[in-house]
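Residue numbers (our numbering), protein chains in the order written: chain P, 7 to 710; chain E, 2 to 181.
Every residue, glycine too, gets a C-beta built ideally from N, C-alpha and C.
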Amino acid sequence: MKTQLLPTILASSLLLAINAQADHPVKEPDNDDFLDFSLEELISLDIPDVTSVSRKKQRLMDSAAAIFVITSEDILRSGVTSIPEALRMVPGMQVARFNGNTWSISTRGFNYIFANKLLVLIDGRTVYSPLFSGVNWDVQDTLMEDIDRIEVIRGPGAALWGANAVNGVINVITKKAADTQGNLVSLGAGNEEKAFGAYRHGGEFGETGYYKVYFKAFERDGLAKADGSDANDDWKMKRAGFRTEWKPTADTDLTFLGDIYEGTTRPILKIFDKNDPFAGNNGIQRLENTDRDQRGGNLIAHWKKTISDAEDYSLRAVLDDYQNFDYRITEKRQSFDLEFQHYFQPLENHDLVWGASFRRTWYQLSDMRYIEHRDKDGNKKDSRQDNLYSLFAQDDITLNKSWNVSFSARYEHNAFTGEEFQPNAKLTWKATEDRTFWASVSKAVKTPSVSETAVFSDNITFASIGSPFIVSIAGNRDLNSEELNAFELGYREQFGSSFRLDITGFYNQYENIVAYVSDTKCPDGSMPLNPQAFPICLSGNNSLLRFPTTLVNGLDATTYGLEVVADWQAKDWWKLQFTYGWLQVDASHNANSPALASALQANEQLVENLSAKNTMNLRSSMNLPNQWYFDVWVRGISNLKDADVSGYTALDLRLAKKINDNLEFSIVAQNLFDKQRAEFSEIFSGLDATEIEESWYAQVRWSF
Amino acid sequence: MSVTKSTSSKAAILGFIIATLLSLHAMTVRAATSPEDKIKTAIIYKITKFISWPKRTQNLTICVLGEGSINNELHKINHKNTMGRRLSVTHRDANAPFDKLCDALFMHSIDNATVKSVLKRLEGKPVLTISDLRSFTDYGGMIGLNRSGKKINFSINNTSASGADLNISSKLLKLAKTVK
């Protein structure tokens, strides 16, 4: 058997034209245009599709969800060097960098470093930390050049993707080994991105197999303190990964992928030193240059059997290991996921997907200096194991050429609240080939996390009323799930071949949102002074007052807003994208006692002021003569009241020159005209906020 | 969009959806064509330009076996010209005498057993067989359209083609991902 690679005869101008097509999944040429393409062009064309909404491939224009796709070209041309930074492109997404390695990323409200209503998946592997109910964004990475697309669904995706997909689903999808053959070297350096490099090699094996391996490493400089000095919260990471796919038989696809990583960050910690409480500043210590080492790895095996175009089965197994050596606690977590999925067409116009999954998570916790995990009797417990079972189904019904309806639901059994049921109904109306309206109604839940139910933190949260005091936080085993009833309406239209509009409106009703209230017990189990009105605990040496708090399902909230995307291909060589997000949050408490009500009123304000009301992006991509490329990205966000961060506008620029198809030089400047800028702050984690600085880097990318 | 008015109540929306579902259920169904269908159709059309048949007639007939959205696209190339011949696209069922009626046969969305039996019947007959069925060329089919990642490429079984007296241009063989 003779195997030939596709000839590299395509003129680069042609490639550009085709790339422009790939960027605009909805802007497909009509049939005659494709017929005018040469065969060479046809076989190198990308088929635009999205998978996250319905778990099967679907045209973006037809998706009944507020989906936004960050393409690989968006990533490369924006010059972003991490997944969190790429997410700033998404309409309505609020991305705030808290320090060198921590982000607050959220959509449709509840903007927080422990933002717990977003489900984040990388190649189908969930990266939501059930211990701290957030995402350790600093270890969620891959070769940026290998990201095929990031599909972001704003709004609930729980019926298909499971609990915690309440306000959105972020699905990072990497390129197949078959699409990343050959070698790639990427090297860069700059003032904040001190040095980074990556190498990838892809090859074939057997008659149907492809593989790739990659290695990347980077060293990022620390951010700045408010006074302009170096915060020393540097961030170093090394990562190696592989992917292989082949067809053992004609109708079977097997994919294995995985990666391992290790690295160090040095976040500034603010803690109350129990051992030396009188060492100045009331015993509140700032720990700088404390290494926080993290390492981990994961392995995904995916088997798919295709019976026909209308039926397939797949099975996915995921092993994940994560170890976090934090000064406040050492966390080791392993999880195993198994998921079965079956797609078929029981009737001519029904597309049915159903599946079942099981997850077991093991935790080992040690060095519980400031964050303790406790059993139900209040004793330190250094391990736990949780199971999650679920079952889901979706029926996607094509009623006729222009109407489509889908029903989906997920039944889930979790370790905290037991059974949960999350249904969803969607309706799509293709008014014309180029105009789509959709509506969706869904129920989703955010199940309580380990941190909210069994974790006790002390000596790391401070507040002050005149003089500083410690807030100790006790988990509550009796928490219920937070519930969302969501209503969405969407409109998309393609105007001619150069302009596209995508507008989504949403109205969300939340119940039982978790809130902080006074606890009736001190962290050591003793009774507080003044237990009725304003409980106070005295620590051993009385150097600081301590207020015991716990969590209750005390709040309801309504959020509503609008998200707009406008894409304009102004010229063949010039593309513009504008996005805008508007958000309103209104919280109310559900307390019946006056004492509880006053505590919850403070929480209402907290929830209402977490997020910015307005966000916007304007991106311009120009393909200039002689293979020069110029990109501009302006983004703006209004103020964050809770974080005490005023609104700002940021500017990024990228200039690139392609020497030939395989060699590219670029210069990227980020956060221009702001010497440094705070993007977030908060008190609960014990981490200190640091500020982003103006930065630049140069990069060379060579494929051979 | 009558849905807009119903958002105030979940029950109303569900009711609306169910009512729509019931009222529209009887209407005919035609699946929308996807970009993939369009690209596949264009590839099939282009491929005919690189093949020489032993007997040249004014018409070049492409028969289609199998149901699906791509058929709408294939019908759009009906009456187009390819190398001075007029294309005619017709839909056939599995028992049709393909060797008498067709110059090319595109099979899709049908089971492997049918494909194999059709290929057996056409062995040595000058009918260009094309399919997007996996491993089509391994079964003895001549041109297989394969999806790899986001792209569609094709493989050629030149042994089958030359055995059927069909001549495939070297340019096409070069563009194929695999040739046997």
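Query	Result
P/G481 versus P/I542: straight-line alpha-carbon distance, rounded	18 Å
One or two residues paired with P/K338 in a DSSP bridge	P/Q329 and P/Q370
Chain-ordered chain E contacts of P/F43 [CB-CB under 7 Å]	A43
Span of the beta strand (DSSP E), counted from its first residue to its last, around P/K449	R441 to K452
Beta carbon of P/V172 nearer than 8 Å to that of P/I128	no
Cβ shell of P/A450 (< 6 Å), same chain only, five flanking positions each side left out	P162, A164, V172, Q428 and L490
Amino acids of chain P, ordered along the chain, whose beta-carbon sits closer than 8 Å to that of E/R135	K253, A256, D257 and T312
Run of the alpha helix (DSSP H) containing E/G164, from where it starts to where it stops	N159 to G164
Unbroken beta strand (DSSP E) run spanning P/A204, endpoints	E199 to F211
E/Y46 - partner residues in DSSP beta bridges	Answer is none; E/Y46 lacks a bridge partner.
is_contact[P/S414, chain E] using C-beta, thresh 8 Å	no
Endpoints, the beta strand (DSSP E) within which P/E157 is located	I153 to R160
P/Y220 (DSSP reduced to helix, strand or coil)	strand
P/T696 versus P/S652 - alpha carbon distance	15 Å
For E/K151 and E/P36, the rounded distance between their alpha carbons	11 Å
Start and end residues, beta strand (DSSP E) containing P/P97	No beta strand (DSSP E) holds P/P97; DSSP gives it neither H nor E.
Outcome for P/D299 when other beta-carbon atoms lying within 10 angstroms are tallied against a minimum of 16	exposed
Buried versus exposed call for E/A43 [16 or more other C-beta atoms within 10 Å across all chains shown]	buried
Assumed close pair P/F221, P/V571 - CB separation to whole angstroms, cut-off 8 Å	Between P/V571 and P/F221 the Cβ distance is about 36 Å, and since that is not below 8 Å, they are no contact.
Residue interval of the beta strand (DSSP E) (run including P/S691)	That residue, P/S691, is in no beta strand (DSSP E); it is neither H nor E in DSSP.
Touch test, the stretch 626-643 of chain P against the stretch 596-610 of chain P, Cβ-Cβ under 8 Å, three pairs minimum	no
Where P/Q771 falls: helix, strand or coil (DSSP)	The structure shown does not extend to residue 771 of chain P, since chain P is modelled only from 7 to 710, so the question has no answer here.
Own chain, CB closer than 6 Å to E/K39, minus 5 neighbours either side, in chain order	E74
Nonlocal neighbours in the same chain, by C-beta distance under 6 Å from E/C103, ignoring five residues either side	T62, C64 and V128
For P/F422 and E/S149, the rounded distance between their alpha carbons	42 Å
Interface flag, P/E79 vs chain E, CB-CB below 8 Å	no
C-beta neighbour in chain P for E/K117, strict 8 Å	no
Short CB-CB distance (under 8 Å) between E/N72 and chain P	no
Proximity test, Cβ basis, 8 Å: E/L25 and chain P	Interpretation of E/L25 is limited by its pLDDT of 37, a score under 50 that renders its predicted location unreliable; no figure is taken from the coordinates.
8 Å contact criterion, which P/D265 and P/R245 should meet: CB distance rounded	6 Å
Contacts around P/W309, its chain only, beta-carbon distance under 6 Å, and the 5 residues preceding and following it disregarded	L260 and L321
Cβ-based burial, P/N529 [other Cβ within 10 Å; buried from 16]	Checking the sequence shown, residue 529 of chain P turns out to be Pro, not Asn. So P/P529 ends up on the buried side.
Buried or exposed (CB count within 10 angstroms, at least 16 for buried), P/E569	buried
Contact with chain P by E/L176, beta-carbon distance below 8 Å	yes
Chain-ordered neighbours of E/I153 on chain P, where CB pairs are closer than 8 Å	L48, I49, L51 and I53
Chain E contact for P/S709 (CB, 8 Å cutoff)	no
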